[in-house]
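Residues in the sequence shown are numbered consecutively from 1, following the numbering used here.
From the three backbone atoms N, C-alpha and C, an ideal C-beta is built for every residue, glycine too.
As the structure is a computational prediction, the values presented were derived from the model and not from experiment.
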Amino acid sequence: MKKFYVTTPIYYVNDVAHIGHAYTTIITDTIARYERLRGKDVFFLTGTDEHGQKIEEAAKARGRSTQEYADEVSGKFKALWDDFGISYDKYIRTTDAEHKAGVQKAFDVMYEKGDIYKDEYEGHYCVSCETFFTETQLVGGEQCPDCGKEVRVVKEESYFFRLSNYQDKLLKWYEENEKAILPKSRKNEVKRFVEGGLTDLSITRTSFDWGVKLPEKMNDPKHVVYVWLDALMNYATALGFGTDDKNMDYFPADYHLIGKDILRFHAIFWPSFLMSLDLPLPKHVAAHGWWTRDGAKMSKSKGNVIDPKEVAEAYGLDNFRYFMLREVPFGQDGDFAQKALMDRINSDLGNDLGNLLNRIIGMSGKYFDSKISSQYVNEYFKADMAQVDEIIGSLDGFAKELQLNRYLEELWKVLAIGNKKIEEVQPWTKMKENGENEVSGLLGLIANILAKASLALSPIMPEKTKELAKALNIEIDTVNFTKLVENKELLEDFTIEKIPPLFPRIEEPLMKEAVIEEETKPEEPKDPQITFDDFLKVVTKVGVVVSAEEVPKSKKLLLLQVDIGEAKPRQVVAGIKEFYAPADLINTQVCLVSNLKPAKLMGNLSEGMVLAAKDENGLKLVRPEKDAVIGTVIS
Ligand code: MSP
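Here it is, written out as structure tokens:
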């Protein structure tokens, strides 16, 4: 059996799943189901990307251990995909031991090959995108060109991958493989980037440790592998690379499905790593566009993120899948609006598809005791049947290029043939004019249209098409796909089953806009929230009071000298005179905000602020529970 390998990106565990993630996964699931139906031996991989500074900081900001936090979010993604019936074969986590071993193996092979060397990295890093940037790439000198967030200046020892060695080889790969990058329009963008020159890539970090350690023989424990090398390797380690190689016969991927934001990593870094590892390159890297909501970019802070589960619960999972794939051409951005979703359900699914079934259920019940036969199809409707088979036969071309909106558009043409034929033939009059055989042929034609269409539609709407197929007395499986779609055969005679309407009309939006917003918005904070980065801006250190005296003429102020381990003590003017006698303060520890801009209070320079808790009973200085080393930063 021919093998077929398809992957989603692995999702970061710093966020909840939204429709953008669901979109990537649903396209991938569709492709996996499509190829299985055509008899391929499919391996469908998905999972979570759990290492890196972003995750470490997200866990810290929530006061959680990183592993525990990653377990929880990874579990939520998995539960969502299970709930959605996503047909993945493996769910990989980058914290899996086998994955880590595979990453170390890759590092080792690249190192032995001479593709890795040690140096110092000095530049800018965007934690949100986990990406290094040169000064010239930044926007306004300090913002990430991809997400707009402020970058950090990084200067650390690092191992580098000789990406520059692969520039020509990459260009050759793009050149020789017309469809290596889909949609084709995106290829030029990548090509131009590579032609602009590739610099070697920093592939280890030392300033945090939530990541895969280097192979032991490197004897360099302070380094962890850069999260993108770690993450990209999942596509190989999931098949056993670096451990048992068990499923490496599926490699390379037929399709890596990704969003356009991560194309560069997949179309430049990943093939270079593979060339270094002497592994074959993917057949297609396919980048889809982004989803917005009612025209606006979705973000947690705006509270307009759409929970895919909520949409599926309100409108039906298969309807949601259909909408996402039908609404947007692959590669382009799409907008989620309930009105558009309702229109698709009522018009495409309800009128064109659901009604066609209802009509033959009704007519066959009335005229033929619910029996449907293919006997007269070719006698009366040969050309129509041939046209239907031709259209359905052309769908594979669209599927291969992931143009699922075009695939569906074409598929709907066969439904239009069926609907149009009923109007043309006017079976209710034909029956009165002894046209029984023609009407039987018409119902046979439509039953065949619906059977072939439900097979072709099943990868997109697996559940609804099962119901549809049941009414037509067939199973959705490879045998029927081969028979009815590939070999263009006709249905055997059967008795049609009456089933409730598949797509009941939706008159009103089923999700209250306000409710979605309330539910996805983080709870209204009692205090204005700050980010962890904001918190890090305040430097608080442990200090000891070495001298304390009253500020003349002030009822409230004391003048303190606080040693925080610098060359000379900091002078601090503190409003604590009513609560502390100067002598009681000497040699006691305090917590001092040490990077507050100096200010003059009653003529005295104050170079910091001591922390205190003031309630109705008075004021208490905040101190370490036990004496700490002077100068220790409080975090
Ligand atoms: N962890 C990396 C991928 C590593 S793959 C080796 C990552 N994760 S992510 O969780 O941020 O994004 C995963 C996928 O979701 C990407 O393909 C991204 O494009 C997609 N989307 C995230 N937001 C999206 C929209 N609003 N719309 C459509 N897809 C978007 O990147």
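When secondary structure is reduced to three states using DSSP, histidine 288 falls in the strand class.
Under the three-state reduction of DSSP, asparagine 304 is assigned to coil, being neither helix nor strand. If only uninterrupted beta strand (DSSP E) runs of at least 3 residues are considered, those enclosed by the segment 321-350 are 334-336. Counting only runs of 4 or more residues that sit fully inside the segment 412-495, the alpha helix (DSSP H) segments are 427-430, 436-457, 462-471, in chain order.
Judged by DSSP secondary structure, glutamate 57 falls within the alpha helix (DSSP H) whose first and last residues are 53-61. DSSP, read as helix, strand or coil, puts isoleucine 181 in strand. For tyrosine 125, the beta-bridge partners assigned by DSSP are Phe132, Arg152.
When Ala383, Phe336, Asn346 are compared, the shortest CA-CA separation from glutamate 508 is found for Asn346.
Three or more Cβ pairs closer than 8 Å define a contact, and the segment 255-262 meets that threshold against the segment 277-289. Judged by DSSP in its simplified three-state form, histidine 18 adopts coil rather than helix or strand. With a threshold of 7 Å, the Cβ atom of aspartate 209 does not count as near the ligand MSP, since no heavy atom of the ligand is closer than that. Beta-bridge pairing by DSSP links leucine 257 to Ala286. In the DSSP assignment, serine 547 falls within the beta strand (DSSP E) that extends over 540-550.
Per DSSP, glutamate 507 has no beta-bridge partner at all. Apart from sequence neighbours up to five positions away, the residues of its chain that approach serine 373 with a beta-carbon distance below 7 Å are Ser440, Gly444, Asp493, ordered along the chain.
If you draw a straight line from the Cα of lysine 3 to the Cα of phenylalanine 44, it comes to about 11 Å.
Setting aside the 5 residues that flank it on each side, leucine 490 is surrounded in the same chain by Ser374, Val377, Asn448, each with a C-beta closer than 7 Å to its C-beta; the list follows chain order.
In this structure, leucine 163 places its C-beta atom within 8 Å of the C-beta atom of serine 272.
Contact check for threonine 48 against phenylalanine 84 fails: the beta carbons are separated by 8 Å or more. Setting aside the 5 residues that flank it on each side, glycine 354 is surrounded in the same chain by Pro501, Leu502, Phe503, each with a C-beta closer than 8 Å to its C-beta; the list follows chain order.
Spatial neighbours of aspartate 389 in its own chain (CB-CB distance under 8 Å, excluding positions within 5 residues in sequence) are listed in chain order as Lys452, Lys488. Shown here for leucine 596: same chain residues with a beta carbon closer than 7 Å to its own, the five before and five after excluded, namely Gly608, Met609 in chain order. When the five nearest sequence neighbours on each side are left out, the beta carbons in the same chain lying within less than 7 Å of the beta carbon of proline 183 are those of Phe330, Gly331, in order along the chain. Judged by beta-carbon spacing, lysine 100 lies beyond the 8 Å limit of valine 6, meaning their Cβ atoms are not closer than that value.
Nearest to aspartate 278 by C-alpha distance, out of Lys430, Lys113, Glu379, is Lys113. Our two residues, leucine 274 and leucine 325, have alpha carbons roughly 31 Å apart in a direct line.
At least one heavy atom of the ligand MSP lies closer than 7 Å to the C-beta of asparagine 234. It is roughly 19 Å from the alpha-carbon of glutamate 438 to the alpha-carbon of leucine 415. Using a 10 angstroms sphere on the CB of phenylalanine 107, the tally of other CB atoms reaches 16 or more, which defines it as buried.
In its chain, beyond the 5 residues on either side, Gln561, Asp563, Pro569 have a beta carbon closer than 6 Å to the beta carbon of valine 546.
Not one heavy atom of the ligand MSP falls within 7 Å of the beta-carbon of methionine 110. With three or more CB-CB distances shorter than 8 Å, the segment 186-198 counts as touching the segment 164-171. Glutamine 387 is positioned such that its CB atom lies no closer than 8 Å to that of isoleucine 422. Across the structure, glutamate 436 and threonine 30 are spaced so that their CA atoms are roughly 40 Å apart.
For threonine 46, there is no enclosing alpha helix (DSSP H); the enclosing beta strand (DSSP E) covers residues 41-49. Just measuring C-alpha positions, the residue of Val154, Leu404, Val139 sitting nearest glycine 148 is Val139.
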